[in-house]
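In what follows, a single structure is set out as structure tokens and then discussed.
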Amino acid sequence: MENQILLEIADISKAFGITKACQNISFTINKGEIHGLIGENGSGKSTLTSMIYGLQPQDSGKFIFLGKEYRAANQLEANSLGISAIVQEAGTLSGLTVAQNMFLGKEKEFIEKGFLNNQKMNAAADLLLKEYGFESIKGSDIVDKYNFEIRKLIEIVKATYFKPELVIVDETTTALSQDGREILYGQMEKIRNSGRTVIFISHDLDEVMDRTDRVSVLRDGEYITTVNTKEVTADKLKELMVGRKVDNRYYRMDYGTEISKDVVFSMQHVTTHGLLKDVSLELHKGEILGIGGLSDCGIHEIGKVMFGAERDYTGEVKLSDGRKVESIAQAIADGIAYTSKDRDNESVILNASIKNNICMMAYDSLKKGIFISPSKCGSFANEFAQKLSVKMQGIEQDVAGLSGGNKQKVVLARWLAINPDILIFDSPTRGIDIKVKADIYNVMDGLRKEGKSIIMISEEIMELIGMCDRILILKNGVINGEFMRKESLQEQDLIRKMI
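When the count follows this note's numbering, it moves up by one through the sequence shown with no breaks and lands on 696 for the last residue.
What follows is the structure, encoded as structure tokens:
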């Protein structure tokens with residue numbers, strides 16, 4: 198039977214000032230498929246799907262959905278027409294309950310005698326959460342109670358329970374543990390098997406190869422081609438994304454480098470409530486120390502404790518001179534930088550300019566008398582944005598309009614601008630394409646060579662092996678293995694200590 202078209206994308210264009218985010222893009226999405234959408238950061242993927250989902254209007258062209266021209270004014274209208282999305286960053290609203298987030302825009306289903314029946318809405322949320330296997334999440338709880346990953350699971354339920362015809366999954370797996378990913382993959386397959394459709398955006402090309410039926414490629418805002426997944430290799434997809442053959446050797450190539458005996462930072466017998474259990478570690482001068490494990494094992498908690506962002510623990514975190522790290526302000530003053538896994542909520546100010554994001558840690562050095570010098574601030578931000586090759590309209594552009602990779606470059610530029618000695622990178626390449634990954638790895642390697650000390654927290658095993666001098670593996674909040682950098686180290690060696 199010939200494939201039926203669900204969505205026709207016809208000559209869609211979108212520009213932000215002089216930046217052409219999408220240029221005359223045309224291709225089709227079929228019913229009953231998982232359709233991959235790939236491209237480097239800034240290629241137009243999220244801009245295109247945000248127009249499909251009603252987050253912003255197209256400048257020209259049209260969408261034809263189920264045979265009719267379609268233009269959603271907002272997300273609620275998109276939902277009502279049968280389109281939903283699970284976005285890369287946080288897609289739940291703080292201050293609302295789990296149930297209020299799940300049924301946002303659908304509250305009329307729970308109106309009785311002119312009033313919203315919250316008890317009924319909470320019960321309906323609990324029933325759905327139980328059907329998905331998420332009994333531990335309660336509809337009546339304020340969503341802020343839950344961590345980033347749990348909120349992603351809530352979003353999966355929110356986006357799929359009402360059986361939309363099209364679900365957009367935008368870089369969602371990077372926020373999930375392997376268990377969470379399997380849940381999402383299962384939902385994607387259910388959608389396809391029921392004759393409905395998924396648009397799946399991911400920078401993990403192995404994941405794209407495993408999970409999709411067809412893949413469309415964007416490059417610099419233009420449509421390149423659509424291919425059947427079974428008929429291409431991951432290397433061919435990379436080539437289509439960047440327009441040339443890609444050399445995979447973007448990790449460090451050195452082995453046998455001696456680690457300094459100088460300890461610059463340490464944790465001693467740190468225990469937090471529910472995650473870390475008597476964790477002790479040392480970071481050496483000029484070392485990249487990797488910390489890996491499954492996402493719920495405590496690795497992300499380590500970064501927060503080290504940066505003074507987690508106060509509820511026992512044990513000690515201290516610098517080489519014995520001073521304890523007990524607050525974020527003190528950590529920054531002592532030359533410690535930190536990038537969070539939850540980039541949009543904890544690392545950047547989305548509605549502030551690139552200039553203000555980069556300068557915010559350096560305002561004291563940018564003053565002229567008691568006032569901040571606008572010219573100094575502008576030159577300073579330009580210098581570091583250019584050092585990190587941030588793809589932007591200009592430093593006055595809001596960070597919210599940048600791709601995930603360019604947001605991460607802004608985060609790094611801000612910290613590099615104050616020349617820290619210790620850098621804690623939590624999931625530094627999450628949701629980032631291969632070229633930007635290579636840029637970030639080069640920055641890290643350069644910092645190492647300058648004698649800076651780096652902690653790299655990651656769930657991506659290959660980047661730990663590729664970049665780190667030493668790797669600690671956590672399991673259930675306890676250090677369960679240590680590996681030194683060597684050419685023969687394999688993924689399976691680390692996995693055995695994780696599970």
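Backbone N, C-alpha and C fix where the C-beta goes; we use that ideal spot for every residue, glycine too.
The structure presented is a predicted model; accordingly, all values stated were derived computationally and were not measured.
Starting from the C-beta of K588, find all residues in its chain whose C-beta is less than 6 Å away, skip the five residues before and the five after it, and write them out in chain order. G239, N603
Within the continuous beta strand (DSSP E) that includes Q220, where are the two ends? 216-227
From M198 to G229, what does the alpha carbon distance come to, in whole angstroms? Because M198 carries a pLDDT of 44, less than 50, the predicted location of this residue cannot be relied on, and the following value inherits that uncertainty. The straight-line gap from Cα to Cα measures roughly 12 Å.
Three CB pairs or more closer than 8 Å across the stretch 669-681 and the stretch 470-477: yes
Okay, do the stretch 359-366 and the stretch 307-314 touch, 3+ Cβ pairs below 8 Å being the bar? Segments in contact, no.
Give me the Cα-Cα distance between M318 and E346, rounded to the nearest whole angstrom. 23 Å
Taking the CB atoms as reference points, tell me whether G251 and K242 lie closer together than 8 Å. In this structure, K242 does not lie closer than 8 Å to G251 by Cβ.
DSSP on K342, reduced to helix/strand/coil? helix
Identify every residue that forms a DSSP beta bridge with M464. As computed with DSSP, M464 is found in a beta bridge with L478, V514.
Examine the Cβ distances between the stretch 218-229 and the stretch 394-413 and report whether three or more of them are shorter than 8 Å. A contact between stretches requires three or more CB pairs, one per stretch, nearer than 8 Å, and the stretch 218-229 meets this requirement with the stretch 394-413.
Quick check: A161 and C556, are their CB atoms within less than 8 Å of each other? The chain is shown from 198 up to 696; residue 161 falls before or after that span and cannot be answered.
Let me know the secondary structure DSSP gives H197 once reduced to three states. The requested residue 197 does not occur in the structure, where the chain is confined to residues 198 to 696.
Which ranges does the alpha helix (DSSP H) cover as unbroken runs of at least 4 residues, wholly within the stretch 604-651, from first to last along the chain? Listed in chain order, they are 631-646.
For K515 and A282, the rounded distance between their alpha carbons: 43 Å
Please report the residue range of the alpha helix (DSSP H) in which F577 lies. 571-584
S655 Cβ short of 7 Å to the ligand MN heavy atom set: Here there are no bound small molecules, and the ligand MN is not part of this structure.
Of the listed residues I615, G678, G500, nearest to N554 (C-alpha basis): I615
Should A321 be labelled buried (16 or more other beta-carbon atoms within 10 Å of its own) or exposed? A buried status is given to A321, since no fewer than 16 other beta-carbon atoms sit within 10 Å of its beta-carbon.
Give me the residue from L402, I351, D493, N390 with the minimum Cα distance to D376. Considering only alpha carbons, the answer is D493.
Spatial neighbours of E684 within its chain, please: C-beta separation below 8 Å, excluding the five flanking residues on both sides. Y452
Going by DSSP, name the residue or residues bridged to F504. Bridge partners of F504: none, in fact.
Should A597 be labelled buried (16 or more other beta-carbon atoms within 10 Å of its own) or exposed? exposed
Counting only C-beta atoms, is N298 closer than 8 Å to chain C at any point? Checking the listed chains, one finds no chain C in this structure; it contains a single protein chain.
Would you say the stretch 559-569 touches the stretch 630-642, given that touching needs at least three Cβ pairs under 8 Å? no
Would you give the residue range spanned by the beta strand (DSSP E) that G258 belongs to? 257-262
Are the beta-carbon atoms of S291 and V340 separated by less than 8 Å? yes
Length of the line joining the Cα atoms of S399 and K349: 16 Å
Have a look at R508 and N425 and give me their C-alpha separation to the nearest angstrom. 51 Å
Are the beta-carbon atoms of G487 and C665 separated by less than 8 Å? yes
Can you tell me whether G330 is buried or exposed? The criterion is at least 16 other CB atoms within 10 Å of its CB, across all chains shown. exposed
Taking R411 as part of the beta strand (DSSP E), name the residues at either end of that continuous run. 411-416
Looking at the unbroken alpha helix (DSSP H) that takes in M659, where does it start and where does it end? 658-664
Which listed residue (G601, F213, I654, K501) has its alpha carbon closest to that of T468: Nearest Cα to T468 within the set G601, F213, I654, K501: K501.
Let me check one thing: in DSSP terms, what residues is S550 bridge-paired to? D595
Once DSSP output is grouped into helix, strand and coil, what is the label at F307? helix
What does the alpha-carbon distance come out to for the pair L301 and I249? 19 Å
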